[in-house]
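2 protein chains.
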Amino acid sequence: MSHASDKLRIAVDAMGGDFAPANEVLGAVDALRETGNRFEIVLIGKEDAVRSEIAKANGGDLPLLVVPANEVIDMHDSPVVALKQKPNSSLVVGIMLHKDRKVDAFVSAGNTGAVTAASTLFLGRIPGVSRPTIAAIFPSETGPTLVVDAGAVTDCKPHFLYEFGVMGSIYSEYMFGKKNPRVGLLNVGEEETKGDELAKETYAKFVAGKSKINFIGNIEGRDILKGKADVAVCDGFLGNVLLKFAESVPTFLKVKFRDYAAEGPLKKLLMGVLRNPLRKIFKDFDYQEFGGVPLLGVNGVTIIGHGSSTPKAIKNMILRAEEMVNRRINFHIEESLRENKSEGMNG
Amino acid sequence: MSHASDKLRIAVDAMGGDFAPANEVLGAVDALRETGNRFEIVLIGKEDAVRSEIAKANGGDLPLLVVPANEVIDMHDSPVVALKQKPNSSLVVGIMLHKDRKVDAFVSAGNTGAVTAASTLFLGRIPGVSRPTIAAIFPSETGPTLVVDAGAVTDCKPHFLYEFGVMGSIYSEYMFGKKNPRVGLLNVGEEETKGDELAKETYAKFVAGKSKINFIGNIEGRDILKGKADVAVCDGFLGNVLLKFAESVPTFLKVKFRDYAAEGPLKKLLMGVLRNPLRKIFKDFDYQEFGGVPLLGVNGVTIIGHGSSTPKAIKNMILRAEEMVNRRINFHIEESLRENKSEGMNG
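If you read the sequences in order, they're chains A and B.
The opening residue of the first sequence carries number 1 in our numbering; numbering runs sequentially from there.
The opening residue of the second sequence carries number 1001 in our numbering; numbering runs sequentially from there.
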């Protein structure tokens, strides 16, 4: 497969999610239809199954290529083991296509750990980046807030966190159009003396690197939804727990609303009227809107989605990947972290 | 001041919160009125100010004692420094009364770090407890879920976390009436190989101590509101960020509802009708209902409240303190963790 076309080419792991390949194919078809075939999509997976879904979706006329891959890495596979044992998996085949620059981006709703590991190992890191990071998108009163890291690195060092902040700042600026994004360090209090050893050392590192980014100091858990920062920096253990907690809020409230409606016919009526406004209001917590989260810091564009990704989520992941390529996020990350490398901070 | 009465005596830091002593006095008055003076309350603080609030609240006939303390530890004071520099603060005077068993419990909406430090230093720890823990109360689909630790200890060792789980289990059983409470370790995935070094070692520690508590393994951020566990164990850094995030959810949603109402008169009307049901639904996220959080593991009963505690929150903190004394939480903690001590694990 050559890449002679002028159009961007985005690879989709067709076997990644819980509803693969159906949702993946539907999302790809929708992305092409909605953009008037603005890019090409490469679907990687079990050929017969993928082609059958394309036919079902009447996608035969669209710029959809299929690259066969007969193995599947599932949610229960241990990431690094799976990469070795399943070289013909849709994930590994897709990442290798990206490594060879046959495609410009890679999108997967598969095993997050395996996608992160494959991207890091096979694509490599941008010079100056010690560890790639997953940037989760939270709603806030002042627009989207990034939480970095949301699960790529559980054991962090201060300079990892500093780099997460720089990468998040760039993503926030070039993807969300925020000027001079405010970067805050998630901590248990605002004073610089607060927190564990990691937080204190990281604070000092941010102060030292302040000329490059707009470091606003420590922020607290309540400041995320308030929109006090555009980028909230934390280790991947905390970020992952926080992201999953936040994503569970709408479901919890829906249960509460349902219980309320069950209390009587009038209340049921009231909740019926409210269905649409509530849906609109909870939209901000809905991962489908953003589709997926970028893995920042790898030599390529990788977007990771939920296992339960809907076609809409897959479509939005593809659009996000296109945008990340066009906005040259990686070029800007390399520019910003170049000195890091010469200081020998990566590793 | 002697303690000859048969009634319990609960000390309230009258200078602790942002609206002290007004809210503290009002909360104390309400607690006594609501319970028909079931206990006595000792208000500690600037005597004139406290007595003036009592008069305003027509509380002259109630079993309210005032113990003078002329210094105040505020939110910006460094905890340990403040304890030394302000021996006549309402916080230190109150904790010393409790240490001398002049009162049976202590309630404060003051500086959380200072209340934790004073309780730990002056009351001491229950035998077998390495570190006291703040147990935050989260709502869930299956009733209240405790998150331990919610901010007492930011740098944790595996046996601290294990003890937090045991103490949380006891609190959940005796305060919420849960049988054999399910204790889960907050982690980035369910498999026992998941997480950072601390999580893996803690997992092993829980498995080793499983006979004492109902350890259900790793849980994820989304499992808290779902009610998968009665007790969610994590370090105080994560727990504190998570608690403050959760507390900010209703405010964020209120802003969303307000924005929605501003879109037009019909929407405004709809939101007006919904005000009460929404308030009822968000009640679960409202810290005022529980009033405050217990500091578990100290030789005494300490309840810590929000700086912004309302009279209702103060009242509920007092009721919670009474309940903790009556349910003999500390006796059960000592029973459960006694072996810990003989194994020399505390310190």
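For every residue, glycine included, the Cβ atom is placed at its ideal position computed from N, Cα and C.
{"Item": "Tell me, please, whether the CB atom of residue 281 of chain A is closer than 7 Å to any CB atom in chain B?", "Value": "yes"}
{"Item": "Measuring alpha carbon to alpha carbon, tell me which residue in B:1318, B:1234, B:1104, B:1093 is nearest residue 1305 of chain B.", "Value": "B:1318"}
{"Item": "Which residues in the same chain have their Cβ closer than 7 Å to the Cβ of residue 341 of chain A, if we skip the five residues on either side of it in sequence?", "Value": "A caution first: residue 341 of chain A carries a pLDDT of 48, below 50, which makes its placement in the model unreliable, though a value can still be read off. Excluding sequence neighbours, residue 341 of chain A sits near 127, 128."}
{"Item": "Whose Cβ in chain B lies nearer than 9 Å to the Cβ of residue 277 of chain A?", "Value": "1257, 1260, 1267, 1270, 1271, 1274"}
{"Item": "Excluding the 5 residues flanking residue 344 of chain A on each side, which residues of the same chain have their C-beta closer than 6 Å to its C-beta?", "Value": "Caution applies to residue 344 of chain A, whose pLDDT of 43 falls short of 50 and renders its modelled position unreliable; the model cannot decide the point."}
{"Item": "Cα-Cα, which of A:72, A:73, A:50 is closest to residue 65 of chain A?", "Value": "A:50"}
{"Item": "When the distance is taken between beta carbons, is residue 25 of chain A closer than 7 Å to residue 57 of chain A?", "Value": "yes"}
{"Item": "For residue 196 of chain A, return the contacting residues in chain B, with the cut-off set at a CB-CB distance below 7 Å.", "Value": "1154, 1155, 1237"}
{"Item": "Since residue 1232 of chain B and residue 1219 of chain B should fall inside the 8 Å C-beta cutoff, what is the C-beta to C-beta distance between them, to a whole number of angstroms?", "Value": "6 Å"}
{"Item": "What residues from chain B crowd round residue 32 of chain A, counting only those whose CB sits closer than 7 Å?", "Value": "Per Cβ cutoff of 7 Å: no residues; residue 32 of chain A is ~32 Å from chain B at best."}
{"Item": "So which residues of chain B does residue 125 of chain A contact, with C-beta pairs closer than 8 Å?", "Value": "The contacting residues do not exist; residue 125 of chain A stays about 21 Å from chain B at best."}
{"Item": "On the DSSP bridge assignment, give the partners of residue 133 of chain A in chain order.", "Value": "A:296"}
{"Item": "Using only CA atoms, which one of B:1245, B:1148, B:1087, B:1223 lies nearest to residue 1140 of chain B?", "Value": "B:1223"}
{"Item": "Counting only Cβ-Cβ distances shorter than 7 Å, please list the residues of the segment 1221–1233 of chain B near chain A, keeping chain order.", "Value": "1221, 1222, 1224, 1225, 1226"}
{"Item": "Return the chain-ordered list of same chain residues with a C-beta closer than 6 Å to the C-beta of residue 1027 of chain B, the five sequence neighbours on each side being excluded.", "Value": "1311, 1314, 1315"}
{"Item": "Secondary structure at residue 245 of chain A, three-state DSSP: helix, strand or coil?", "Value": "helix"}
{"Item": "Can you tell which of B:1204, B:1215, B:1253 has the C-alpha that lies nearest to the C-alpha of residue 225 of chain A?", "Value": "B:1253"}
{"Item": "For residue 1247 of chain B, which residues in chain A fall below 7 Å Cβ to Cβ?", "Value": "222"}
{"Item": "Tell me, please, which residues DSSP counts as bridged to residue 1138 of chain B.", "Value": "B:1145"}
{"Item": "Under 8 Å: do the segment 1075–1092 of chain B and the segment 1103–1119 of chain B share three or more Cβ pairs, one atom per stretch?", "Value": "yes"}
{"Item": "Would a check of beta-carbon distances place residue 1072 of chain B closer than 7 Å to chain A?", "Value": "no"}
{"Item": "Roughly how many whole angstroms lie between the Cα atoms of residue 1020 of chain B and residue 229 of chain A?", "Value": "31 Å"}
{"Item": "Are there any heavy atoms of the ligand FAD lying less than 6 Å away from the beta-carbon of residue 1292 of chain B, as far as the coordinates show?", "Value": "No copy of the ligand FAD appears in this structure; indeed no ligand is present at all."}
{"Item": "Taking the runs of the alpha helix (DSSP H) that are 4 residues or longer, which of them lie wholly in the segment 1171–1235 of chain B?", "Value": "1197–1208, 1223–1226"}
{"Item": "For the beta strand (DSSP E) that residue 356 of chain A lies in, which residues bound it at each end?", "Value": "Any answer about residue 356 of chain A is impossible in this case: the structure gives chain A only from 1 up to 347."}
{"Item": "Pick helix, strand or coil for residue 89 of chain A, following the three-state DSSP scheme.", "Value": "strand"}
{"Item": "Give, in chain order, every residue of the segment 129–153 of chain A whose Cβ lies closer than 8 Å to some Cβ of chain B.", "Value": "139, 140, 141, 151"}
{"Item": "Straight-line CA distance for residue 159 of chain A to residue 1102 of chain B?", "Value": "51 Å"}
{"Item": "Taking the alpha-carbon positions, what's the residue 161 of chain A to residue 34 of chain A distance?", "Value": "37 Å"}
{"Item": "According to a CB-to-CB cut-off of less than 8 Å, which residues of the segment 1198–1212 of chain B neighbour chain A?", "Value": "1199"}
{"Item": "Excluding five sequence neighbours on each side, which residues of the same chain lie with their C-beta closer than 8 Å to the C-beta of residue 216 of chain A?", "Value": "182, 183, 184, 228, 229"}
{"Item": "Between which two residues does the beta strand (DSSP E) containing residue 6 of chain A stretch?", "Value": "Neither: residue 6 of chain A is in no beta strand (DSSP E) and is coded neither H nor E."}
{"Item": "Quick one: which residues of the segment 1081–1113 of chain B get their C-beta closer than 7 Å to a C-beta of chain A? List them in chain order.", "Value": "none"}
{"Item": "Helix or strand or just coil, what does DSSP make of residue 263 of chain A?", "Value": "coil"}
{"Item": "Leaving aside the five residues before and after residue 1088 of chain B along the sequence, list all residues of the same chain whose C-beta is less than 8 Å from its C-beta, in chain order.", "Value": "1069, 1070, 1071"}
{"Item": "Using a Cβ-Cβ cutoff of less than 6 Å, which residues in the same chain neighbour residue 234 of chain A once the five nearest sequence positions on both sides are dropped?", "Value": "186"}
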